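Participant: In my numbering, the protein residues as written are 3 to 384.
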């Protein structure tokens, strides 16, 4: 059995962005690859010139490294799994054991790719705790009409809450940049130019939380037909946007949540945005926002995906609910392809395997192994 607690400590202590690692007594290595994002913000200047200039000039978001957990071998690989993370993530710590387990279990490289403005794509100043504490009182007192003080703001969710409240369109543009970057990455992998992958390699996706929404849009859009054969396992994700509850001290505060929800469930406003952006991806993005928008298209799409998509929902997940997933994929599809699991300990969407809880170590370890064996078995079918 994979020892989640021991491996998490060892991996976390040795993991540093940009530094390749070969572990003693292990058949796995971690390699880092550079990436340059060529996303063009010029097409979005109709929203707010200051916002586009500010985001376009964040160097950390344009030039960065992404890690690959891979079997220790000099050969190139025919199969890979792309791991996409959740919203407001600044560290890969939670995903290190996820990647290592899947690497060993499937004998495939696991490519951990940071979404725009997340992980090591965050501006360095955003992690300045002193500045955050200095500005927290202003954010706490920021409230909407008939509201109490903003008591859901935290050091963790402050930056994301500020940025998305300031301009909710950032949720769309950062998602669009992430989609284009993933497309560029997969194109490079399939071209045979990537040092670790053979021409036309199979690229499957393991996505968590908001990474699952990005995956659903990617599969619908299928840019350059790169994802025609992709299989995807969505964990704690896959719900419609309007059914998500991102209100959390680890994700976003209530001022941000209300602003974002109001913005993306206003159909008139969305039509103006998409007319302005003239973006071919907007049909697929809007399909994942509200239940009645493009519902027939969405249900038909998932029906065509069949066994290529599997979703694992957690019963006590307060961010991504089972009902929200059903609303996205349709009841008939959910019956066959969505698994609802529950664990015999206190957990959350953000921490399905809470490693700080030493008293329930055996139960948490067992749940992790059972869950990731299901995930690994799904990918081993190809």
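The beta carbon of each residue, even a glycine, is placed where N, CA and C say it ideally should be.
No experiment lies behind these values; they were computed from the predicted model shown.
Taking Cβ positions, are residue 158 and residue 252 nearer each other than 7 Å?
Facilitator: yes
Participant: Determine, using beta carbons only, whether residue 297 comes closer than 7 Å to chain D.
Facilitator: Among the chains of the structure shown, chain D does not appear; only one protein chain is present.
Participant: Please determine, among 231, 319, 270, 245, the residue with the shortest C-alpha to C-alpha distance to residue 263.
Facilitator: The shortest Cα separation from residue 263 among 231, 319, 270, 245 belongs to 245.
Participant: With H, G and I counted as helix, E and B as strand and the rest as coil, what does DSSP make of residue 241?
Facilitator: coil
Participant: Relative to the alpha-carbon of residue 87, which residue among 38, 55, 210 has its alpha-carbon at the smallest distance?
Facilitator: 210
Participant: Roughly how many whole angstroms lie between the Cα atoms of residue 123 and residue 91?
Facilitator: 10 Å
Participant: Buried or exposed: which applies to residue 192, given that a residue is buried once 16 or more other Cβ atoms fall within 10 Å of its Cβ?
Facilitator: buried
Participant: Given 8 Å as the limit, is there contact between the stretch 107-116 and the stretch 215-232, that is, 3 or more CB pairs closer than that?
Facilitator: Verdict: no, contact absent.
Participant: What are the uninterrupted segments assigned as alpha helix (DSSP H) that are 4 or more residues long and contained completely in the stretch 121-192, given in chain order?
Facilitator: 131-142, 160-168
Participant: Are residue 89 and residue 114 touching if we call contact CB-CB under 7 Å?
Facilitator: At least 7 Å separates the beta-carbon of residue 89 from that of residue 114.
Participant: If residue 102 sits next to residue 66, beta carbons under 8 Å apart, how far is it from one beta carbon to the other, in whole angstroms?
Facilitator: That pair is no contact at about 21 Å.
Participant: Going residue by residue through the stretch 203-256, where are the continuous alpha helix (DSSP H) segments of at least 4 residues, counting only ones entirely within it?
Facilitator: Whole alpha helix (DSSP H) segments, 4+ residues: 212-223.
Participant: For residue 33, which of helix, strand or coil comes out of DSSP?
Facilitator: strand
Participant: Residue 331 lies in the alpha helix (DSSP H); which residues open and close that run?
Facilitator: Per DSSP, residue 331 belongs to the alpha helix (DSSP H) from 324-331.
Participant: Let's test the definition: count the other Cβ atoms within 10 Å of the Cβ of residue 187 and tell me whether it reaches 16, buried, or not, exposed.
Facilitator: Residue 187 should be labelled buried.
Participant: Reducing DSSP to helix, strand and coil, say where residue 283 ends up.
Facilitator: coil
Participant: Note down, in chain order, each residue of its chain lying with its Cβ closer than 8 Å to the Cβ of residue 38, except the 5 sequence neighbours on either side.
Facilitator: 64, 65
Participant: Give a yes or no on whether the C-beta atoms belonging to residue 242 and residue 329 are separated by under 7 Å.
Facilitator: Yes. Within cutoff.
Participant: Give the DSSP-derived three-state secondary structure of residue 292 in the structure shown.
Facilitator: coil
Participant: Just the C-alpha distance for residue 235 and residue 198, rounded to the nearest angstrom, thanks.
Facilitator: Residue 235 and residue 198 have their C-alpha atoms spaced approximately 23 Å apart.
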